[in-house]
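Protein chains in written order, with numbering that gives the first Met the number 0: chain A, 0 to 378; chain B, 0 to 378; chain C, 0 to 413; chain D, 0 to 413. Beta carbons: idealized from backbone N, C-alpha and C, even for Gly.
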Amino acid sequence: MAEQPKNFGFGEDETMLRDSAQKFFLDNCSADKIHGLVAHDHNVHRSNECLWDKTLWQQIVELGWTAVCVPEAAGGVGMPLVAAVALAEEIGKAAFPSPLLSTYSATFVLNACQSDEATKALGEIAGGKATSLAVTNQQGSWETTDTDVSIDDGKLNGVTYFVQDARKADQFVVSAKHDGEVGLYLIDSNADGVEIIPDNIIDLTRDQAHIRFKNAHAIELAAPGAGDKAINEAMPAILCIVSADMVGAGEWLLQTTVEYAKTRVQFDRPLGFFQAVKHPLVNVMLDIDRAKSLTYNAACAVDTDAENAEKFARMAKSQAGDMAVFSSSRAVQFHGGIGFTWECYVHLFFKRQMHNQVLYGDAKYHRAKLADMLIGVAA
Amino acid sequence: MAEQPKNFGFGEDETMLRDSAQKFFLDNCSADKIHGLVAHDHNVHRSNECLWDKTLWQQIVELGWTAVCVPEAAGGVGMPLVAAVALAEEIGKAAFPSPLLSTYSATFVLNACQSDEATKALGEIAGGKATSLAVTNQQGSWETTDTDVSIDDGKLNGVTYFVQDARKADQFVVSAKHDGEVGLYLIDSNADGVEIIPDNIIDLTRDQAHIRFKNAHAIELAAPGAGDKAINEAMPAILCIVSADMVGAGEWLLQTTVEYAKTRVQFDRPLGFFQAVKHPLVNVMLDIDRAKSLTYNAACAVDTDAENAEKFARMAKSQAGDMAVFSSSRAVQFHGGIGFTWECYVHLFFKRQMHNQVLYGDAKYHRAKLADMLIGVAA
Amino acid sequence: MSKADNKDTSEQSEFRSYCQDWLAKNHPGRPDVKIPQGALELSDPAALAWLQTWQKSAYDAGMIGCDYPVEVGGGGKTDCQAIANQEMQRAKTPYLPNIIGMGMAAPTIFFHAQDDVKAELLPKLLSGEDIWCQGFSEPGAGSDLANQQTFAERDGDNWVINGHKVWTSLAHFASWMILLCRTSKDDKYNGLSYFVVPIQSVIGNGVTVRPLIKMTGETGFNEVLFENLVVEDRYRLDEVGAGWKVAMTTLAHERGAGPLVTPASGGMSLEEGTSVSTSSTLSLINLARNQNRNGKTAADDPIIRDEIIKLVIRQESMRQNGRRTAIPSLTDHPMRIPLQGKLVGTELNQDMAELAYQIEGAASSLNVTDDNAPAGGQWPLAYMNSFGITIAAGANEVQRNILGERVLGLPKSK
Amino acid sequence: MSKADNKDTSEQSEFRSYCQDWLAKNHPGRPDVKIPQGALELSDPAALAWLQTWQKSAYDAGMIGCDYPVEVGGGGKTDCQAIANQEMQRAKTPYLPNIIGMGMAAPTIFFHAQDDVKAELLPKLLSGEDIWCQGFSEPGAGSDLANQQTFAERDGDNWVINGHKVWTSLAHFASWMILLCRTSKDDKYNGLSYFVVPIQSVIGNGVTVRPLIKMTGETGFNEVLFENLVVEDRYRLDEVGAGWKVAMTTLAHERGAGPLVTPASGGMSLEEGTSVSTSSTLSLINLARNQNRNGKTAADDPIIRDEIIKLVIRQESMRQNGRRTAIPSLTDHPMRIPLQGKLVGTELNQDMAELAYQIEGAASSLNVTDDNAPAGGQWPLAYMNSFGITIAAGANEVQRNILGERVLGLPKSK
């Protein structure tokens with residue numbers, strides 16, 4: 000095992016970046032503001048909208064956040080994954096609707112492609128082009144060789160599913176099969192033959208779609224046979240980013256519930272007096288800390304200890320996924336009646352967490368993969 | 000599904016039998032008395048003893064308890080399994096060292112043999128002959144086709160393992176293979192060629208052994224090919240009996256811990272004031288009630304609804320097994336330092352519960368079997 | 000509580016035959032409007048009207064309120080409601096809409112109201128003509144029921160009521176409400192009194208009903224505001240200051256632990272074709288069979304299987320607990336199992352719906368409005384709604400206190 | 000707390016090289032007596048003597064107490080104990096026997112004793128010549144530490160001590176005890192005072208030590224009875240009535256949350272051949288590989304696999320939590336992770352050993368004395384012993400209170 004830096008790679012630059020993100024979200028993205036933006040229509044049969052603040056996105060681009068993990072050679076800042084993870088944690092804490100996390104995931108896939116076209120695309124990301132992965136089939140498989148899109152003569156056909164932030168992205172990195180082998184392709188969101196069909200999703204802080212390609216001309220990033228390998232290589236980073244989002248959202252849920260438990264009085268005592276509230280909140284904290292430390296460790300492994308990256312990333316996603324469910328459920332429960340209402344902000348984070356827990360594999364899935372790695376494939 | 004009686008078959012006779020058992024154990028088997036009997040030597044390296052009160056066993060035989068589930072035609076009382084289950088629950092509640100539960104298990108296997116020799120053996124049980132099953136191989140397999148004993152020319156050879164109450168039993172029902180097929184055989188514990196090698200076990204309220212057969216002459220109860228089927232047929236009853244023992248022991252652990260929590264004062268409050276103690280104790284109660292109702296239902300199914308007996312019995316054993324662990328662990332934890340001492344009676348029940356949980360399959364094993372029955376064998 | 004015996008009495012046996020005959024001839028058939036899964040989710044007046052017609056017809060046939068005396072609109076029978084309930088279930092009838100009325104208001108009125116009030120209110124309650132709602136919860140009185148702030152002030156033969164109730168199901172349809180409020184500020188428990196108050200007839204005249212929106216975006220609950228609502232003193236139940244005691248009658252019956260059996264029917268499948276019951280483990284197994292999980296179905300995943308079977312076992316244990324409750328000699332405390340019901344039932348439903356996310360995988364992201372949502376998106380919806388019931392009617396934390404204190408005899412936690 | 004920086008200071012760097020050199024030459028090799036897994040299990044005087052020799056040699060080399068001032072027998076260095084600990088671990092040395100002395104007594108004495116007492120006691124404590132034990136627990140003061148009943152009564156320049164301490168590890172070897180006792184009955188918290196008292200030299204003269212028997216049948220803990228033990232006033236730490244405050248220093252260091260790093264070494268494998276570490280998930284995986292579970296190994300059972308991996312993840316998270324604690328900018332509260340340590344560590348060990356029963360199946364019934372017991376019967380033994388640590392040093396229920404109150408700021412639960 001390569002020796003990882005003790006501090007997970009959180010040097011001065013990374014810490015400064017995180018602190019500035021904290022300030023940015025504090026100034027611009029109170030839960031109240033997000034709620035006003037994404038929850039203005041409460042009807043369960045509400046129409047399907049993609050609600051986000053493009054002005055803030057523009058500011059983010061100007062702050063250089065899209066360039067954070069783009070290599071310097073491709074025109075980026077070339078910071079380690081822990082920097083993106085620090086930002087992802089703040090984004091989760093704000094339940095911030097933006098294509099930034101999708102763009103980070105795409106960044107790591109493009110990095111793994113190691114092609115000129117991929118390098119060019121990375122440069123565009125550094126310049127602010129929101130990019131999302133379109134690599135999932137209709138069954139929502141978490142295996143990187145599964146895709147329902149084909150590529151022939153440079154043209155995509157078929158449908159890709161569960162694309163995150165699809166209506167916020169400027170371009171997509173698409174996995175498609177040619178002669179049974181998976182390649183990766185870049186396509187603009189407004190290119191001919193690209194039809195984005197929004198999903199009606201529960202999480203109000205995101206958008207998701209399936210995308211139909213009809214003879215849509217795309218640029219090859221990784222040749223058939225190399226595409227799934229590139230996704231696999233990037234997967235530890237992707238898992239870290241989602242895990243960090245859950246850690247941030249979990250911390251918001253914990254702290255918000257703690258504040259409520261300090262002030263809400265029942266049976267002549269603040270709720271937090273009761274161990275039936277206090278101890279589960281402590282358990283939520285323990286789970287968040289586990290997830291946070293595992294996520295930092297996994298990100299650091301991606302940066303400095305590649306051979307252990309997959310193992311540690313699966314640990315992080317597994318722990319963070321279970322924590323996401325637990326932190327959400329206790330937040331609603333301990334907010335009591337008010338936590339069950341639309342007007343309370345808790346449901347924004349609750350829904351984001353439930354969305355996150357299944358993204359790129361739930362806890363059980365990653366534990367099964369870890370068992371294969373650490374115990375050996377079962378007889 | 001056959002319609003089961005609403006009252007699980009607990010008629011007047013069954014209730015009377017249970018009440019008399021309650022009185023018997025109250026009068027004769029306080030936890031203090033059992034502790035004095037089985038825990039007189041505390042050394043972890045203590046020698047291997049088989050400690051029980053044979054006078055009480057004689058009384059039990061005289062009360063007719065061994066005959067409870069022996070058919071009338073074989074000289075028994077012919078009561079339903081729920082009667083034995085009611086007794087098993089009281090035995091568990093007293094952590095009573097005796098071969099009664101082994102004898103009940105053997106009774107149901109003999110019942111399933113449907114041979115003259117088996118009927119004769121049942122008559123002997125009714126007359127007070129303690130009988131135990133010797134049907135497990137060295138690996139402790141829970142599959143009824145697995146045995147390390149062979150039979151040829153009416154002679155047993157090989158070793159059988161994990162025989163319960165071996166040093167208390169007068170005879171054994173042994174599973175042995177002939178030409179790869181499993182038959183069942185009866186042999187006296189003091190017959191020639193029978194060597195009982197005591198295991199050093201943790202549970203102080205039982206004894207266990209492996210038994211080596213060397214050309215030991217045995218009587219055929221079920222021919223090769225019919226033996227495993229007879230055990231399978233009896234297995235739901237066996238599982239109910241062990242489950243009932245766990246229900247009884249669980250209730251003792253719950254009530255004893257509740258009493259302690261009412262009187263022990265910490266932080267100027269009785270322990271039971273604290274929800275960190277109260278709520279887990281309530282959860283123990285919920286688990287006991289689940290196990291108890293499922294056990295009665297399963298026993299009733301054995302008596303009146305055979306096609307559902309296996310399903311319900313596996314549910315009961317699974318729930319009771321998990322409850323056994325949970326009730327034990329919380330009893331020690333909430334008794335604090337005193338619960339961790341040899342002089343506190345809790346460890347007697349703790350050890351009995353941990354022994355019970357793996358007998359004839361732990362909770363996970365039975366759930367896997369249930370999944371095959373209720374969801375279908377996995378692809 | 001129902002009788003413990005195995006056999007019907009002759010009255011019960013005769014009544015059972017009568018129910019079977021009547022139901023065979025008078026089942027209302029399938030509704031011509033969409034009926035939600037439960038009465039508390041009713042929002043379409045046409046659906047309510049259809050169900051009210053059914054309740055009235057079952058009432059007229061003597062199947063609802065059979066154990067209440069004839070003078071208050073009942074059937075004057077003994078231990079027959081459970082028989083009627085069993086037969087209605089067996090006949091797969093629609094459910095009854097006036098559930099708060101029958102389950103909570105009726106027994107409370109019966110045990111605590113003046114005779115003339117009983118005679119006035121109970122017939123139309125049992126027939127379902129009057130829909131009832133319950134005014135217990137307040138912004139500051141959730142699980143801490145005794146912390147009521149809605150105030151009733153005496154004014155000669157009347158009371159003047161001011162306050163704010165929340166989480167009142169069916170208030171938008173209700174003619175009447177059972178209302179717990181404060182009549183004295185000096186004593187938390189003995190300062191409460193219990194009233195029945197009109198709602199529908201006085202909207203705009205002291206009463207305002209506003210919908211509350213759930214985290215799912217659905218409505219169904221309401222806020223009810225009282226502003227100088229005048230109520231006659233005869234509508235007070237029991238003594239001034241006895242409100243807490245009266246409320247205990249309500250809660251005991253809500254938990255199925257009171258002496259009167261609540262009229263209940265049901266069993267009719269409401270969603271043709273795609274019947275998704277999020278309270279059934281069979282539905283969950285079906286979901287798992289139809290969802291892909293990395294090349295196999297979720298039903299082939301050993302971990303999912305284990306989790307499902309855990310839930311199947313819990314569900315079966317609830318059924319068997321119910322069976323055991325009816326046999327007093329098989330429990331050491333008469334309230335031990337009845338008081339578990341709300342707790343174990345609501346947690347089971349929550350855990351089932353939580354597992355569904357992992358069975359559905361990526362598709363669990365889809366809302367009920369998305370055509371591709373597995374099982375119509377009912378499972379994630381059910382998960383969110385499950386918190387309504389783990390929180391309501393005494394949060395489950397309070398249920399555990401109750402069990403620890405009343406059944407195990409542990410000291411009070413406050 | 001240790002320094003957060005990544006790099007050694009020049010003092011640290013130099014000291015690290017020194018330690019490496021010294022350890023390369025002075026590792027004591029394998030013991031000629033059987034050494035138990037941990038110091039608290041020591042029962043054989045020969046094993047203790049061997050370990051004391053090792054501690055003395057490491058002390059003389061400057062690796063123990065390096066951050067204490069020279070006047071009290073320390074090394075007078077800054078932030079060097081952590082370096083010594085790392086290097087001793089790396090060199091796989093034996094553990095140090097005087098763990099209560101170094102981890103709890105030494106920092107408490109250092110921060111609260113008179114200078115002459117420090118100079119008298121600390122050198123032999125750090126060298127391991129004096130073994131120390133702790134007198135906090137009493138029959139009526141388990142997790143409720145402040146409920147001490149052992150009484151110290153003033154008698155001129157002396158105190159006369161009477162009372163009963165339980166769960167005192169190492170008391171049968173101890174020369175000295177840190178003792179919390181009551182000096183006033185009027186005030187629970189401010190009525191406590193803290194002493195250091197001799198044990199071995201006064202056995203039979205005011206002190207009796209008796210072994211306590213654990214549920215496993217093992218000994219290791221003791222009861223200590225005081226009957227008119229006379230102690231000089233100079234052995235009082237801090238003011239009369241300040242015992243609670245002083246005890247907090249002890250507890251903070253016990254939890255690794257105090258300012259002084261505890262000397263620690265270890266890493267040497269103690270059981271040749273059959274090394275079963277019941278605190279390692281790798282051991283558990285090995286066990287699963289060797290145990291049959293219905294035709295396959297337990298390591299092939301998907302449910303067992305999932306449970307093992309859950310534990311592996313928890314173990315890795317503890318390791319990474321420890322790493323994160325050292326970087327103050329990565330936690331929002333300095334005590335947030337340190338105060339979790341005892342809780343998560345002891346529960347992990349308990350859950351690992353609990354799973355071992357299901358991995359071992361029928362063979363989990365076998366005691367350590369049975370030749371056929373898998374892994375020598377260590378796992379069921381470890382399970383039972385695990386309750387010692389989930390109960391001791393503030394039961395885990397109390398640890399959760401501490402975390403909820405001190406870190407999350409929730410109101411006190413009493």
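Chain C has a Cβ within less than 7 Å of the Cβ of Lys277(B).
Going by C-alpha positions, Val276(A) is about 20 Å away from Thr340(A).
Taken through DSSP and simplified to helix, strand or coil, Tyr103(A) comes out as helix. Trp51(A) sits in coil when the DSSP states are folded into three classes, being neither helix nor strand. Along the region 346-367 of chain D, going in chain order, the ones with a CB nearer than 7 Å to a CB of chain B are Glu353, Tyr356, Gln357, Gly360, Ala361, Ala362, Ser363, Ser364, Leu365, Asn366 and Val367.
A contact is defined here as three or more CB-CB pairs under 8 Å, and the region 297-309 of chain D fails this definition with respect to the region 320-335 of chain D. Under DSSP, Leu191(C) forms a beta bridge with Arg181(C). A distance below 7 Å separates the beta carbons of Gln290(D) and Glu359(D). With a cut-off of 8 Å on Cβ pairs, the region 232-239 of chain A is not in contact with the region 205-212 of chain A, counting fewer than three such pairs.
When the five nearest sequence neighbours on each side are left out, the beta carbons in the same chain lying within less than 6 Å of the beta carbon of Thr256(A) are those of Ala330 and Phe333, in order along the chain. For His216(B), the uninterrupted beta strand (DSSP E) segment begins and ends at Gln207 to His216. Closest in alpha carbon position to Asn296(B), among Tyr259(B), Arg366(B), Ala370(B) and Ser242(B), is Ser242(B). Taking the CA atoms as reference points, Lys91(C) sits about 34 Å from Cys239(B). For Gln274(A), the neighbours in chain B by C-beta distance under 7 Å run, in chain order, Phe273, Gln274 and Ala275.
In chain order, Leu338 place their CB closer than 6 Å to the CB of Leu402(C), counting only its own chain and leaving out the 5 sequence neighbours on each side. Under the three-state reduction of DSSP, Trp141(B) is assigned to coil, being neither helix nor strand. Within chain D, the C-beta atoms nearer than 7 Å to that of Pro301(C) come from Pro301 and Ile302, in chain order. Between Thr144(B) and Thr159(B), the beta carbon gap of about 14 Å keeps them out of contact (Cβ cut-off 8 Å). Among the bridge pairs identified by DSSP, Ser149(B) is matched with Asn156(B) and Lys176(B). Relative to Asp164(B), the option among Leu121(B), Ile218(B), Leu99(B) and Gln352(B) whose CA is nearest is Leu99(B).
Rounded to the nearest whole angstrom, the C-alpha separation of Ala45(C) and Gln54(C) is 14 Å. Annotation: Asp371(B) to Trp243(C) spans about 51 Å, alpha carbon to alpha carbon. Nearest to Ala81(C) by C-alpha distance, out of Leu354(C), Met383(C), Ser412(C) and Arg15(C), is Arg15(C). If you compare the alpha carbons of Asn189(A), Lys350(A), Ala83(A) and Leu185(A) with that of Ala222(A), the shortest gap goes to Leu185(A). Taking C-beta atoms as the reference points, Thr102(A) and Ala129(A) count as a pair closer than 7 Å.
Contact between the region 251-260 of chain D and the region 183-202 of chain D is absent: fewer than three C-beta pairs spanning the two stretches fall below 8 Å. Residue-level contact by beta carbon holds for Ser140(B) and chain D, with a gap shorter than 7 Å. DSSP places Met372(A) in the helix class (H, G or I) of the three-state scheme. Taken in chain order, the complete alpha helix (DSSP H) segments of 4 residues or longer contained in the region 227-301 of chain D are 242-253 and 280-289. Nearest to Arg289(B) by alpha-carbon distance, out of Leu310(C), Thr277(C), His171(C) and Gly75(C), is Leu310(C).
Between Tyr344(B) and Ile237(B), the C-beta gap is not smaller than 7 Å, which leaves the two residues out of contact. Counting along the chain, Gln21(B) sits inside the alpha helix (DSSP H) bounded by residues Glu11 to Asn27.
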